[in-house]
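The structure under discussion appears below in the form of structure tokens.
In the working numbering, the protein residues as written are 4 to 180.
Quick look at the structure:
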């Protein structure tokens, strides 16, 4: 790869990060006193489904030839129905009746590659950036905890990331669910 191509890639990634930061800051600044419910986990574990349930959206089942898929109508949290993750940017919904800011994040270990993983991690970190009331919902599948799946290695990795984001263990315990 030439220096010119590498510089273009870095510039493009930097521009995407700036855009993400501006969008997130705008949404968070509009609701500074709301409790942030941040849903995190690996890709394809049901974070968007949980977000829809929190805000009371009806989940519907679509039956195809070989499978059943969940979907919602007119939801701020689209549910993926393919093997590719659907969420590419934190979807943030302000629930004025409960004063919750529900944040459906893109997943860790994103199948779209390293660049998307960098963007996802940056976006999640932005949600923790300033002092606020936070509740973290950690979503993972049963398979991620099984011995056959590496004895919960994925779950352990995400807990390490959270520990890095919130190093005060007592504060982290109060936030995590």
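The beta carbon of each residue, even a glycine, is placed where N, CA and C say it ideally should be.
Pairwise C-alpha distance: residue j and residue i
| i | j | result |
| --- | --- | --- |
| residue 38 | residue 147 | 28 Å |
| residue 21 | residue 40 | 23 Å |
| residue 10 | residue 19 | 14 Å |
| residue 56 | residue 62 | 8 Å |
| residue 177 | residue 138 | 8 Å |
| residue 130 | residue 27 | 7 Å |
| residue 12 | residue 173 | 40 Å |
| residue 179 | residue 121 | 23 Å |
| residue 136 | residue 128 | 15 Å |
Cut-off 7 Å between Cβ atoms - residues of its own chain near residue i, not counting five sequence neighbours on either side
| i | result |
| --- | --- |
| residue 107 | 42, 50, 51, 54, 80, 90, 93, 94 |
| residue 34 | 97, 104 |
| residue 175 | 165, 166, 169 |
| residue 162 | none |
Cβ-based neighbour list, residue i, same chain, cut-off 8 Å, excluding 5 preceding and 5 following
| i | result |
| --- | --- |
| residue 29 | none |
| residue 2 | What the structure shows of the chain is the stretch from 4 to 180, and residue 2 is not part of that stretch, so it cannot be assessed. |
Cβ-Cβ separation, residue j to residue i (assumed contact under 8 Å), whole Å
| i | j | result |
| --- | --- | --- |
| residue 157 | residue 45 | 6 Å |
| residue 110 | residue 48 | 7 Å |
| residue 126 | residue 23 | 5 Å |
Opening and closing residue of the alpha helix (DSSP H) in which residue i lies
| i | result |
| --- | --- |
| residue 149 | Run containing residue 149: none; DSSP gives neither H nor E here. |
| residue 158 | 156-168 |
| residue 125 | 117-130 |
Beta-carbon contacts of residue i that lie in its chain and below 6 Å, excluding the five residues immediately before and after
| i | result |
| --- | --- |
| residue 98 | 58 |
Range covered by the beta strand (DSSP E) that runs through residue i
| i | result |
| --- | --- |
| residue 105 | 103-107 |
| residue 95 | 94-98 |
| residue 138 | 137-141 |
Kindly provide the ranges of any beta strand (DSSP E) runs that are 3 or more residues long and lie completely inside the stretch 26-50, ordered along the chain. List check, beta strand (DSSP E) in window: 38-43.
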